[in-house]
Amino acid sequence: MEYLNEWVFNIIIFLILAMIVDMLLPDSSMKKYTKLATGLLLMAIILTPILKLVSTDFEKVLASFSTNMDIEDSSTENLLKTKKKEIQASQHAYILEQMAVQMKKMVEKELSEKYSLDINKIQIFAKPNSDGTINELDNVVVYLTPSEKSIKAIQPVNVTFQETDAKVDTTDYETIKSMFSSNWEIQESLIELVSREELGNEE
2 MEYLNEWVFN
12 IIIFLILAMI
22 VDMLLPDSSM
32 KKYTKLATGL
42 LLMAIILTPI
52 LKLVSTDFEK
62 VLASFSTNMD
72 IEDSSTENLL
82 KTKKKEIQAS
92 QHAYILEQMA
102 VQMKKMVEKE
112 LSEKYSLDIN
122 KIQIFAKPNS
132 DGTINELDNV
142 VVYLTPSEKS
152 IKAIQPVNVT
162 FQETDAKVDT
172 TDYETIKSMF
182 SSNWEIQESL
192 IELVSREELG
202 NEE
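See below:
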């Protein structure tokens with residue numbers, strides 16, 4: 002309100018001064034230019050608060066636009082990071098899956114012939130690098146099941162799945178781990194064997 006009063010007061014003062022100047026100037030061509038200049042100054046005084054208001058609003062719009070751009074940039078950056086992590090996790094899972102397939106192929110024939118056992122599946126747990134590749138193996142879990150061929154032929158099995166404790170025979174357990182360790186070139190301590198009975202008990 003104070004700003005509006007000051008604005009009106011300035012216009013009134015300017016009009017009074019313009020009238021005095023107009024009265025004092027003699028009639029000549031210079032008087033026309035003086036009136037033109039006076040009119041322009043009056044327009045400037047009238048438009049000053051409007052221009053200031055528009056300028057303020059424009060600055061607010063720019064600030065708001067800049068803030069929105071920052072938010073969008075931040076959201077885009079977070080989205081890209083999330084997508085990157087998802088891709089790396091997917092790549093890591095694919096690498097582990099392919100490793101498990103190759104590891105199974107390396108030992109399944111010997112395991113079936115010597116111990117009448119098959120590998121149901123292999124789970125590999127490993128720390129990933131930033132690019133999704135394998136950094137270090139944590140654990141390799143091998144799920145064993147009696148070989149279908151041995152069941153059909155009703156042949157004796159070297160590795161027994163005892164109903165009392167539902168674990169692979171200790172002697173063959175260590176022998177199989179040693180065989181896996183040798184073929185896969187990893188430490189025996191990283192290998193864990195799980196029999197079908199053990200898996201059933203966990204379920």
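Numbering of the sequence shown is given in this note's numbering, commencing with residue 2 and proceeding in unit increments.
Just so you know, even glycine gets a beta-carbon here, dropped at the ideal spot from N, CA and C.
Helix, strand or coil for Asn130 per DSSP? coil
Leu112 to Ile88, Cα distance in whole Å? 35 Å
How far does the beta strand (DSSP E) with Ile192 in it reach, from first residue to last? Ile192 to Val195
Using beta-carbon positions only, say whether Leu118 and Leu191 come within less than 7 Å of one another. no
Under a Cβ-count criterion, where at least 16 other Cβ atoms within 10 Å of its own Cβ denotes burial, should Ile14 be classed as buried or exposed? exposed
So which of Glu73, Val9 and Ser76 has the shortest CA-CA distance to Leu48? Minimum Cα distance to Leu48 is reached at Val9.
If contact is defined by three or more beta carbon pairs under 8 Å, each pair taking one atom from either stretch, is the region 171-188 in contact with the region 121-130? no
Am I right that Asn136 and Lys128 are in contact with their C-beta atoms under 8 Å? What's the rounded C-beta distance? 4 Å
Within 6 Å: the Cβ of Ala38 and any heavy atom of the ligand NAD? Within the structure as shown, the ligand NAD is missing, as the structure has no ligands at all.
Return the residue from the list Ile51, Ala101 and Ile21 that minimises the CA-CA distance to Thr39. Thr39 has its Cα closest to that of Ile21, out of Ile51, Ala101 and Ile21.
Which of helix, strand or coil does DSSP assign to Gln89? If DSSP states are grouped into helix, strand and coil, Gln89 belongs with the helices.
Give every residue of the same chain whose Cβ lies closer than 7 Å to the Cβ of Asn11, excluding the five residues on either side of it in the sequence, and list them in chain order. Cβ within range, chain order: Ile46.
Can you give the beta carbon distance from Val195 to Val142, rounded, assuming they're within the 8 Å contact cut? Correct: roughly 6 Å between the Cβ atoms.
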